[in-house]
Amino acid sequence: MTSLLVTNIGELTTNVAADGDPCGTLRDAAVLVEDGRIAWVGPAASAPALPGAERTPGRRGVGRFPTPWRPEVLSRDGDGDRGGDVEVVDAGGGAVVPGFVDSHTHLVFGGDRAEEFAARMAGTPYAAGGIRTTVAATRAASDDELRSRLARLVAELHGQGTTTFEIKTGYGLTVRDEERIARLAAEVTPEVTFLGAHVVPAEHDRDAYVDLVCGEMLDACAPHCRWVDVFCETGAFTPDESRRILAAGAARGLLPRVHGNQLGPGEGVRVAVDAGAASVDHCTYLSDEDVAALAASDTVATLLPGVEFSTRHPYPDARRLIDAGATVALASDCNPGSSFTSSMPLMIALAVREMRMTPAEAVWAATAGGARALRRDDVGAIAPGMRGDLVLLDAPSRTHLAYRPGVPLVSAVFKDGVRAQ
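For the sequence shown, the working numbering gives the first residue as 23, with consecutive numbering after it.
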């Protein structure tokens, strides 16, 4: 058995609600991970003793935040009684949060759209059709080229504190290319989404393409996927087409998600709620009826502020959704066209500055909210039985993620109790 004890934590965000605090904040805390799962959470002074590991609690001073700061490995040793390694890490009075859960990414792609970004910043409007540029580059790339870029992006995610992430297909739009994107994505995450319904490729008749998505393409991709998604938007797929595609995915055992209400008002939210979708993502343009429907459902409103940052569209109104009682998640939408960032800390900062979320709400949405959007009950919180996914911050509190935007505050990342960064 392997064990990890992180002690001398100045502020621990557990996301186990207590006393009106949804973040379940603990002070002067410690966390024990055994065999990849959280085994104990509580006051640092009461942390369990670990045979085979020398401990010096409070070495840096509980409640005192030194500068400069880095977590210190106090001991790493073999443990004969437990049959494995023990690592004790002093958090130095810094903050610890759950690993970020990025529930919306497009990490498998070829090419680059920097010129499109530059043109957009000069005034060219964003449109969904730019996806076809990435489709052409992805089709031309080899598996090894796609796998190499994917590995670099996954390393970026880990380095910024993301320990759980979803990946969508949607940049192949042929049976062969969608299947290989799904297959490559499944090599690095169990959260793979079939998004053959991203746009209609130029070479296809619309009705014939929807038939292909619902038939041969879905059959090829479903073995690698957990989810089915559709871009229900003007310029992409109609509400009726979206319902048909989601139903075809459900018939093959895939769970529904929806891209909706990004470019203007539409029926995306209603399609998602009616289908029992785990999430509807973007939610930039919402009617009162959309907000009420989300608040009355289990469908998470996943907001993607990196898109608005990169397209100069209006930001979603997170405050309106939260005050209505809807569940909100934050995700990066990392993709080469409309949001080429893998930084969940940036999403938190944008949500606080531009979407009227509090820092606590934004951190919750980037962790527990993302877990709900993926219908995961083993990530997004720090509590016994959960996966040992921890992010140590070079800061005294989670508020610094928004207070110090752009500063690399993630100092150590543990995935299943093992150092990932």
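Just so you know, even glycine gets a beta-carbon here, dropped at the ideal spot from N, CA and C.
- DSSP places threonine 260 in the coil class of the three-state scheme, outside both helix and strand.
- Segment contact: the segment 412-419 against the segment 126-135, fewer than three CB-CB distances shorter than 8 Å; contact not assigned.
- DSSP places phenylalanine 216 in the strand class (E or B) of the three-state scheme.
- Taking all protein chains in view, the Cβ of methionine 23 is surrounded by fewer than 16 other Cβ atoms within 10 Å, so the residue is classified as exposed.
- Between the beta-carbon of alanine 294 and that of glycine 286 there is about 16 Å, and that puts the pair past the 8 Å contact cut.
- Apart from sequence neighbours up to five positions away, the residues of its chain that approach alanine 270 with a beta-carbon distance below 8 Å are Val235, Cys236, Gly237, Leu240, Val250, ordered along the chain.
- Within the same chain, and ignoring the five residues on either side of threonine 215 in sequence, the residues whose Cβ sits closer than 8 Å to its Cβ are Glu188, Ile189, Lys190, Thr191, Cys247, Arg248, Trp249, Val250, Asp251, Arg279.
- Straight across, the Cα-Cα distance linking serine 170 with isoleucine 153 is about 21 Å.
- Using a C-beta cut-off of 8 Å, the segment 106-123 makes contact with the segment 424-441, since at least three inter-stretch Cβ pairs fall below that distance.
- Under the three-state reduction of DSSP output, isoleucine 31 falls in the strand class.
- Look at isoleucine 60 here: in three-state DSSP terms it is strand.
- Listed in chain order, the alpha helix (DSSP H) runs fully inside the segment 229-302 are 240-243, 261-273, 290-296, counting runs of at least 4 residues.
- Boundaries of the beta strand (DSSP E) harbouring alanine 434: 432-437, taken from the DSSP string.
- By the criterion of a C-beta distance shorter than 6 Å, alanine 371 is surrounded in its chain by Ala424, Pro427, once the five residues flanking it on both sides are discounted.
- Shown here, valine 130 sits in coil according to DSSP, grouped into three states, outside any helix or strand.
- Here the alpha carbons of glycine 181 and leucine 54 stand approximately 22 Å from one another.
- Nearest neighbour of serine 360 by Cα position, chosen from Ala207, Ala204, Gln284, Ser264, turns out to be Gln284.
- The C-beta distance from alanine 117 to glycine 32 rounds to 6 Å, short enough to meet the 8 Å contact threshold.
- Taking all protein chains shown into account, threonine 256 has fewer than 16 neighbouring C-beta atoms within 10 Å of its C-beta and is therefore exposed.
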